[in-house]
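To start, the structure under review is shown below, and the notes come after it.
Residue numbers (UniProt numbering): 1 to 308.
Here it is as structure tokens:
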């Protein structure tokens, strides 16, 4: 019987995963603090450990071979399992530690702040650090280790492919609305997809922060048989509401983005075929069982999914 080969070193597996994520050894060096020559030596040793070429030169850069890409897929799971086991060993009766939480804007007040108040009462030794980011930025912070937990969203009509080393937990779904000027003749009733064709010549107001929001508008309008004209883009949802109220266009908004106290805007419930906006907790796969992250995640998920 042949003896077992040497198992790959975890540090080298992490460097390979980072190389796949960042693209160059120089970028990996900047991120990890290793020199490029040290990273190159680690990769050479890793190839000896697994017995197949993992990298191939492309000009002055390197690219993963099919075997290298396959090993990265496996390494993500291996490293996540190690992180999870380590997190379990750190466990204690009273969670303690810092949790860096990144969230998109409209989830901060209804989701994050109530959780933070409960966290202070129930787990005073957990220190929370908050930052506002769009989902793509949050995913990158989680991948780079600069955040521990993220509150992100996508649309059921435009599902987001989160990076393979991250895992998502759904905690809320919200219906979608068409925001129209209050004086619109059908302002007081829901809108079917077939009726959206009446807005084919209307200006649409979209978000400038993320491609998913744009894609949602285009897909919903495509289902109604037309290509939307988007003359206005606003980061602030308050300004989106204000532009609609000023008669400058219409907009698709999730429930948390509408301002119900406005008298110049009407919010028409959109056909369920347009789907929902889904909110998720996002974390590296091995982080869920670390007690401080588990405490924060439980307080957010205990809210329960909201009915669509």
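The C-beta atom is built at its ideal place from N, Cα and C for all residues, glycine as well.
### Message
Please tell me whether residue 126 and residue 147 are closer than 8 Å, where the distance is taken between their beta carbons.
### Response
Here residue 126 refers to the residue found at position 126 when the chain shown is read from its first residue. Here residue 147 refers to the residue found at position 147 when the chain shown is read from its first residue. The Cβ-Cβ distance between residue 126 and residue 147 does not fall below 8 Å.
#### Entry: Beta-ladder partner(s) of residue 254, from DSSP
Here residue 254 corresponds to residue number 254 of the chain shown, with the count starting at 1. In DSSP, residue 254 forms a bridge with 176.
### Query
Using a Cβ-Cβ distance under 8 Å, would residue 202 count as near chain C?
This model lacks chain C altogether, as it is built from one protein chain only.
#### Entry: Cβ-based burial, residue 174 [other Cβ within 10 Å; buried from 16]
As a working note, residue 174 is residue 174 in the chain shown. By the neighbour-count definition (other C-beta atoms within 10 Å, threshold 16), residue 174 is a buried residue.
### Query
Could you give the residue range of the alpha helix (DSSP H) that holds residue 113?
If you number the chain shown from 1, residue 113 lands on position 113. Here the alpha helix (DSSP H) through residue 113 covers 113-122.
### Query
Is the beta carbon of residue 152 sitting closer than 8 Å to the one on residue 112?
Here residue 152 is taken as the residue at index 152 of the chain shown, counted from 1. Here residue 112 is taken as the residue at index 112 of the chain shown, counted from 1. Going by C-beta atoms, residue 152 is not nearer than 8 Å to residue 112.
### Query
Excluding five sequence neighbours on each side, which residues of the same chain lie with their C-beta closer than 8 Å to the C-beta of residue 184?
Taking the first residue of the chain shown as position 1, residue 184 is located at position 184. Once the five neighbours on either side are set aside, the close Cβ partners of residue 184 are 266.
### Query
Counting pairs of Cβ atoms below 8 Å between the segment 238-245 and the segment 164-173, do you hit three or more?
Here the segment 238-245 makes no contact with the segment 164-173; the two share fewer than three CB pairs at distances below 8 Å.
#### Entry: Contacts around residue 83, its chain only, beta-carbon distance under 6 Å, and the 5 residues preceding and following it disregarded
Within the chain shown, the letter at position 83 stands for residue 83. Counting only Cβ-Cβ distances below 6 Å, and skipping sequence neighbours, we find 286.
### Same chain, Cβ closer than 8 Å to residue 104, neighbours up to 5 away in sequence not counted
Translated into the one-based positions of the chain shown, residue 104 becomes position 104. These residues qualify, in order along the chain: 132, 133, 134, 135, 138, 151, 152, 153.
### Message
Checking 8 Å against the spacing of the C-beta atoms, do residue 295 and residue 119 come in under that value?
### Response
Counting from 1 along the chain shown, the entry for residue 295 is found at position 295. Counting from 1 along the chain shown, the entry for residue 119 is found at position 119. Yes, they are a contact pair.
### Message
Check for me: the beta strand (DSSP E) holding residue 108 runs from which residue to which?
### Response
Within the chain shown, the letter at position 108 stands for residue 108. Element bounds for residue 108: n/a, residue is neither H nor E.
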